[in-house]
Amino acid sequence: MISFYDVTLRDGNHAMRHSLTPEFVREYCQIAELSGVWAVEVGHGNGIGASSFLVGKAKSDDRSLLTAARDNLKKVKLAIHAIPGFATVKRDIIPAIKAGVDIFRIGTHVTEVSTAQKHIEYLSGEDKTVHGVLMMSHAIDLKGLVSQAKLLVDYGASAVVLMDSAGNYVPKDVALRVNALKKEIGVQVGFHAHNNLGVGVSNAISAIENDATIIDGSSMGLGAGAGNASLESIIVNYRRTDSTAPSLDKFLEMSYLVETRFPEYLPRTTSSSIQSGDAGVFSGFAPQVRQIATEFGLSQEDLWQEMGKRRLVAGQESMIREIAQDLMNL
Amino acid sequence: MSNAKIKVAVIGTGNIGTDLCERLLKDSKFEVKAFVGRRPTSSGLMRMRGRVPNLLEAGVEALESLWHEIDGVFDATSASAHPQHWSIAQRHKKWIIDLTPSRIGKPLVPVLIDKTPKMRISMDHVANYSMVTCGGQSSAAIIYAITKNAKLVEEVEISSSIASLSAGPATRENIDEYIDSTENMAMLLTGCSAVKSILVLNPVDPPVMMRTTVHVRAANFNLARIIHESRDLVAKVKNYVPGYDLVVEPYVAGSGQISATVKVLGSGYYLPQYSGNLDIINAAAVETAKQHVHFSHLSRERIAT
Chain P
0 MISFYDVTLR
10 DGNHAMRHSL
20 TPEFVREYCQ
30 IAELSGVWAV
40 EVGHGNGIGA
50 SSFLVGKAKS
60 DDRSLLTAAR
70 DNLKKVKLAI
80 HAIPGFATVK
90 RDIIPAIKAG
100 VDIFRIGTHV
110 TEVSTAQKHI
120 EYLSGEDKTV
130 HGVLMMSHAI
140 DLKGLVSQAK
150 LLVDYGASAV
160 VLMDSAGNYV
170 PKDVALRVNA
180 LKKEIGVQVG
190 FHAHNNLGVG
200 VSNAISAIEN
210 DATIIDGSSM
220 GLGAGAGNAS
230 LESIIVNYRR
240 TDSTAPSLDK
250 FLEMSYLVET
260 RFPEYLPRTT
270 SSSIQSGDAG
280 VFSGFAPQVR
290 QIATEFGLSQ
300 EDLWQEMGKR
310 RLVAGQESMI
320 REIAQDLMNL
Chain V
0 MSNAKIKVAV
10 IGTGNIGTDL
20 CERLLKDSKF
30 EVKAFVGRRP
40 TSSGLMRMRG
50 RVPNLLEAGV
60 EALESLWHEI
70 DGVFDATSAS
80 AHPQHWSIAQ
90 RHKKWIIDLT
100 PSRIGKPLVP
110 VLIDKTPKMR
120 ISMDHVANYS
130 MVTCGGQSSA
140 AIIYAITKNA
150 KLVEEVEISS
160 SIASLSAGPA
170 TRENIDEYID
180 STENMAMLLT
190 GCSAVKSILV
200 LNPVDPPVMM
210 RTTVHVRAAN
220 FNLARIIHES
230 RDLVAKVKNY
240 VPGYDLVVEP
250 YVAGSGQISA
260 TVKVLGSGYY
270 LPQYSGNLDI
280 INAAAVETAK
290 QHVHFSHLSR
300 ERIAT
């Protein structure tokens, strides 16, 4: 049994430059409620509490987005993403509990799990469903990945989700990593694809074939950089192997809603996304790279390449300008 | 200021305390009377053998017979141990400089001492100064330069990225407190209540140098003055943090938005150079002690005449 986890209203908010409104959340959730997805994640692209000059100001605050979702989700669970260093327990997580969130995903860069200890322990102490997320999960060896995942479980996470934040994986990488986690940790494993190389859906299918049980996707793939794996494509694939899979109707309805409402935000795989994915750079940098490349008259490719060399992590958006300055001075 | 050396004790023999001790030993204005730890096997204590006269391994209690020889102490232990150290220091009428995130002391950023009443040195010899956070120390000069030359400040944001290797277990465990404490400093300094602080750890090898970016939104600002004042203050910070640099000068980042970035390269006394985040706290602590002794000495002279 696969739990399909819809990130359209969170990762998609990256693609929408964080312009998501409660009105759209309401409209989308009304369809999602009938679709057969397990959970809908809502918030700023970098999670609750992340609205900022650094990574982008959200048009609507967390509270109004979560309330709009809560009012329209009954069977389907309401989920959030939170990154320690951006979100704090007091300022962001406790209000999210009060807003009625069901699933709390706490995410860190794949090597920095210890920054999430207090947040996970707090939520697990409050008897909330808390999952650990390993962002940029390609940026570590297998042994390191397993030991970081084990820490998440020790803190109290009831699932570990691998995020391919840079869109760096091909299906065999996903198989290797999901398998290693399934073997070594006693909790559910989830997978979150990005489509930089054009293999997002194939990667999600690979995760399912290797017994990952939480699968992320978004309608029309709406998400950071080249977008996520499109949920409707994952479902249509999965239906060929499992007769109990949700029917396609509502997924197509959600995808049509996104496609017609936000034609300007629809992500795609481009030469630049293939380059950044292959170099393993965080997809969410794309809007800043576009803007700064234009401002400085640099090619996006040169910027991505240098960012790849310096191995930036999510949250270092302000380094892009410094790198552009350095490239101009070379 | 008299030429007598400032006689101090350093409590806490971890990485921060050891670096601080090295720094004080190389500064002709200071005499380190005691280095205080809890374990005889502490590598910090062993390192200072023959260099600091009193190496104490039984905690602050062991300082009891030495209080009359020292002017003040640096507390590099933990937020939970600090209240006790502060109360002992008060009993002996000594100043204390708090490098822990306890937030008990008065937040102080040395470069701003004579700039704003919010950061004034105490006229009493007995005082407690908090070194805030690395994000607070590295951003304060820029926040001040921008907001002083702006009208109707609406929002202030501080985001720092540091090398993973420079973030010890305490920093990781207290990341929420770090954010709170940095935001409080920004609120105190600007009077603006819409403040946000962000901390990002980067594990890359070789390690990254600390960067802090300040964003301010205001109704009006004078960019030329902001740039001028930032350069001036950065030069002043450099007097006590030589590795402090303005890498992105203040620029208009959007409508009503100013942004600037500084970089902090550590001095490498004991901590590696990529630990600019820890270096700036220690450098600020040493500078604060000098300023405190100088000003409280002046005020005693005034009272005497």
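Those protein sequences? They're chains P and V, same order as listed.
Using numbering that gives the first Met the number 0, the letters of the first sequence map in sequence onto residues 0 to 329.
Using numbering that gives the first Met the number 0, the letters of the second sequence map in sequence onto residues 0 to 304.
A virtual CB, placed ideally from N, CA and C, is assigned to each residue, including glycine.
In this text, all values refer to a predicted model and were calculated from it rather than measured experimentally.
Figure out for me which residue from the options has the closest Cα to the Cα of residue i.
i: Met135(P); options: Ile204(P), Arg176(P) and Met253(P); result: Arg176(P)
i: His67(V); options: Lys6(V), Met118(V), Lys25(V) and Ala80(V); result: Lys6(V)
i: Arg318(V); options: Ser77(V), Tyr143(V), Glu156(V) and Leu54(V); result: Because residue 318(V) is not part of the residues shown, which for chain V are 0 to 304, the question remains open.
i: His80(P); options: Asn71(P), Leu180(P), Thr128(P) and Ser18(P); result: Thr128(P)
i: Leu98(V); options: Ser298(V), Ile280(V) and Leu23(V); result: Ile280(V)
i: Ile141(V); options: Ile178(V), Met184(V), Pro205(V) and Glu172(V); result: Met184(V)
i: Glu60(V); options: Gly43(V), Ile87(V), Ala75(V) and Gly71(V); result: Ile87(V)
i: Pro205(V); options: Gly242(V), Ala169(V) and Ser165(V); result: Ser165(V)
i: Val100(P); options: Glu40(P), Tyr237(P), Ala174(P) and Ser275(P); result: Glu40(P)
i: Gly48(P); options: Lys182(P), Lys181(P), Val24(P) and Val88(P); result: Val88(P)
i: Tyr4(P); options: Asn12(P), Ser34(P) and Ser146(P); result: Ser34(P)
i: Gly36(V); options: Glu21(V), Gly13(V), Ala284(V) and Pro52(V); result: Gly13(V)
i: Tyr177(V); options: Val199(V), Ala149(V) and Leu188(V); result: Val199(V)
i: Lys74(P); options: Cys28(P), Thr20(P), His108(P) and Ala158(P); result: Cys28(P)
i: Gly276(P); options: Phe295(P), Ser51(P) and Ser164(P); result: Ser164(P)
i: Pro168(V); options: Ile15(V), Ile103(V), Ser180(V) and Ala283(V); result: Ile15(V)
Using only the alpha-carbon positions, how far apart do residue i and residue j sit?
i: Tyr264(P); j: Arg16(P); result: 9 Å
i: Ser308(V); j: Phe294(V); result: Beyond the ends of chain V as shown, which are 0 and 304, falls residue 308(V); an answer cannot be given.
i: Thr304(V); j: Met122(V); result: Here Thr304(V) scores only 49 on pLDDT, less than 50, and its place in the model should not be relied on; the value that follows carries that caveat. C-alpha separation (whole angstroms): 16 Å.
i: Asn167(P); j: Val112(P); result: 20 Å
i: Ala148(P); j: Lys93(V); result: 48 Å
i: Val288(P); j: Gly44(P); result: 17 Å
i: His398(P); j: Leu270(V); result: Given a span of 0 to 329 for chain P in the structure shown, any question on residue 398(P) remains unanswerable.
i: His191(P); j: Ile213(P); result: 9 Å
i: Val213(V); j: Gln274(P); result: 30 Å
i: Leu222(V); j: Lys147(V); result: 11 Å
i: Leu19(V); j: Met209(V); result: 19 Å
i: Gly155(P); j: Ile105(P); result: 11 Å
i: Gly11(V); j: Leu24(V); result: 16 Å
i: Gln304(P); j: Ile30(P); result: 41 Å
i: Thr110(P); j: Leu53(P); result: 22 Å
i: Lys97(P); j: Ala75(V); result: 38 Å
i: Met0(V); j: Arg320(P); result: Confidence at Met0(V) is low in this model, with a pLDDT of 49, below 50, so the placement of that residue should be treated as unreliable; the coordinate-derived value is given next. Cα to Cα, Met0(V) sits roughly 44 Å from Arg320(P).
i: Ala217(V); j: Arg38(V); result: 51 Å
i: Ser163(V); j: Arg239(P); result: 45 Å
i: Ala211(P); j: Ser77(V); result: 42 Å
i: Ser101(V); j: Glu208(P); result: 50 Å
i: Leu19(P); j: Val198(P); result: 26 Å
i: Ile112(V); j: Asp61(P); result: 38 Å
i: Asp26(V); j: Thr107(P); result: 40 Å
i: Ser201(P); j: Ala225(P); result: 15 Å
i: Met130(V); j: Thr211(V); result: 16 Å
Using a Cβ-Cβ cut-off of 8 Å (strictly less than) and excluding sequence neighbours within five positions of residue i, which residues of its own chain qualify?
i: Glu248(V); result: Ile226, Ser229, Arg230 and Ala259
i: Lys289(V); result: Ile5 and Lys28
i: Leu141(P); result: Leu175, Arg176 and Ala179
i: Leu297(P); result: Ile291, Ala323, Leu326 and Met327
Name, in chain order, the residues that DSSP records as bridge partners for residue i.
i: Glu30(V); result: Lys6(V)
i: Tyr250(V); result: Ser258(V)
i: Asn201(V); result: Ala162(V)
i: Ala78(P); result: Glu40(P) and Ile102(P)
i: Val72(V); result: Ala8(V) and Ile95(V)
i: Pro83(P); result: Ala86(P)
i: Phe190(P); result: Leu161(P) and Ile214(P)
i: Phe220(V); result: Ala149(V)
i: Val152(P); result: For Val152(P), which the question treats as bridged, DSSP gives no partner whatsoever.
i: Lys105(V); result: Tyr128(V)
If I measure Cβ to Cβ from residue i and keep anything under 6 Å in the same chain, skipping five residues before and after, which residues do I get?
i: Thr269(P); result: none
i: Thr287(V); result: Ile96, Leu107, Pro109 and Tyr128
Ignore the nearest five residues each way along the sequence and tell me which others in residue i's own chain have a CB closer than 7 Å to its CB.
i: Ser298(V); result: Met122
i: Leu54(V); result: Phe34, Leu44, Met47 and Arg48
i: Ala252(V); result: His214 and Ser258
i: Asp10(P); result: Gly44, Ser217, Gly222, Ala223 and Asn227
i: Gln116(P); result: Tyr154
*Would you check if there are 3 or more beta carbon pairs closer than 8 Å linking the region 63 to 83 of chain P to the region 91 to 107 of chain P?*
Look at the beta carbons and you see the region 63 to 83 of chain P touching the region 91 to 107 of chain P: at least three pairs across the two are nearer than 8 Å.
*Count the CB pairs spanning the region 240 to 260 of chain P and the region 179 to 187 of chain P that are closer than 8 Å, and state whether there are at least three.*
Taking a cut-off of 8 Å on C-beta distances, the region 240 to 260 of chain P does not touch the region 179 to 187 of chain P, as fewer than three cross pairs fall below it.
*Any contact of the region 191 to 202 of chain V with the region 150 to 157 of chain V, i.e. 3+ C-beta pairs under 8 Å?*
Verdict: yes, contact present.
*Check whether the region 235 to 255 of chain P touches the region 217 to 224 of chain P, counting contact only when three or more Cβ pairs, one atom from each stretch, lie closer than 8 Å.*
Using a C-beta cut-off of 8 Å, the region 235 to 255 of chain P makes contact with the region 217 to 224 of chain P, since at least three inter-stretch Cβ pairs fall below that distance.
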